[in-house]
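Participant:
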Amino acid sequence: MLKPALLYPIVLTLMLSACQFELSAPSASERPDNTPTRYAPEPGITWHWQLNGTLNTDYDVDLYDVDLFDTPKSTIAALQAEGIAVICYFSAGSYEHWRSDASDFPAEALGLNMDGWADERWLDVRSARVRAIMVERLKLAQEKGCDGVEPDNVDGFDNATGFPLMASDQLSYNRFLAAQAHTLDLAIGLKNDLGQIEQLVDTFDFAVNEECFEYNECDSLKPFIQAGKAVLNAEYSAYLYTSEYGRTQLCNQARELRFSTLILPLDLDDSLRFDC
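Quick note on numbering: the numbering used here labels position 195 of the sequence shown as 239, and the sequence is numbered without any gaps.
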């Protein structure tokens, strides 16, 4: 047994070592696994949404939403150099024959034509192959430097797809997309799919909505605002294109809800644009 006189220096050394360890240990905010590096758009941000035509990069906004396949990496980098975040659009629930990876989709995963979009067919989101293709698209978004993604057509269960999709199938798929995006440090927006917002608001980083004012559905999106997450809303009504009064009324409502609302052409080609 050590004598007390010999024990004190050892104890003191151990105590000093412990103190030095505590002082040098990284704080929670410094630890990579706790650092929130993912883009997180907040309510009320300004944005531009254009998927067709020559991209107009002159808007003074916080965020651009652009086509993943058609937008060069250099354009994304140039926008970001101006302090603008970039969200990249792709369809996660439909087959588009003109995309560069179209031949990768198995025939058995291609469903009915989409109502109003004859060139697109619904996908069977239960398919492992479809999911693998979407992972590659997310990797492309990361490679191009996108801050986040907007996967479209993630509400097939609520449409005539040609497949017996259940709400649970859609939830599984949408959560899969979100998990994969987050693994790549990409923010991800929930596109429409209003009926599943309560189950998905904690999983997605923002919402993208079309025409909630037109169809009196905007209350469904409030959980995102309450969670401090942006709601990016677009309205396409021809009445709003010509009526200043209509636009004023709409924008007053949008600002009250803290939505980021644009009035745009359905083709999203920048041929017309009003910003609330």
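No residue lacks a Cβ here, since even glycine has one placed at the ideal position from N, Cα and C. None of these values were measured; they are calculated from a predicted model.
How far does the alpha helix (DSSP H) with tyrosine 217 in it reach, from first residue to last?
Facilitator: Per DSSP, tyrosine 217 belongs to the alpha helix (DSSP H) from 211–227.
Participant: Taking C-alpha atoms, which residue in Arg82, Pro87 and Ser216 lies nearest to alanine 271?
Facilitator: Considering only alpha carbons, the answer is Pro87.
Participant: Once the 5 residues before and after threonine 44 are set aside, which same chain residues still bring their CB inside 7 Å of it?
Facilitator: Residue 44 lies beyond the range of the chain shown here (45 to 320); nothing can be said about it.
Participant: If I measure Cβ to Cβ from arginine 302 and keep anything under 6 Å in the same chain, skipping five residues before and after, which residues do I get?
Facilitator: Contacts found: Pro87, Gly88 and Ile269.
Participant: Could you check if aspartate 191 is buried or exposed, using at least 16 other CB atoms within 10 Å of its CB as the buried criterion?
Facilitator: With 16 or more Cβ atoms within 10 Å of its Cβ, aspartate 191 is classed as buried.
Participant: Beta-carbon within less than 6 Å of cysteine 295's beta-carbon, same chain only, minus the 5 sequence neighbours each way: which residues are those?
Facilitator: Closer than 6 Å at the Cβ level, and outside the excluded window around cysteine 295, lie Cys320.
Participant: Distance check for aspartate 229 and threonine 273, CA to CA, integer angstroms please.
Facilitator: According to the sequence shown, residue 273 is lysine rather than threonine. The straight-line gap from Cα to Cα measures roughly 17 Å.
Participant: Quick check: the Cα distance between isoleucine 241 and glutamine 214, rounded to an integer number of angstroms?
Facilitator: Isoleucine 241 and glutamine 214: Cα-Cα distance of roughly 12 Å.
Participant: Roughly how many angstroms separate the alpha carbons of serine 68 and histidine 226, rounded to a whole number?
Facilitator: Bear in mind that the predicted position of serine 68 carries a pLDDT of just 35, short of 50, making it unreliable; the figure below should be weighed with that in mind. When rounded, the distance between both Cα atoms is 30 Å.
Participant: Between which two residues does the alpha helix (DSSP H) carrying cysteine 132 extend?
Facilitator: Note, cysteine 132: premise wrong, no alpha helix (DSSP H); beta strand (DSSP E) at 129–135.
Participant: Tell me whether the beta-carbon of aspartate 109 lies closer than 8 Å to the beta-carbon of glutamate 187.
Facilitator: The answer is no: Cβ separation not under 8 Å.
Participant: Answer yes or no: do glycine 189 and isoleucine 120 have a C-beta to C-beta separation smaller than 8 Å?
Facilitator: Closer than 8 Å, so yes.
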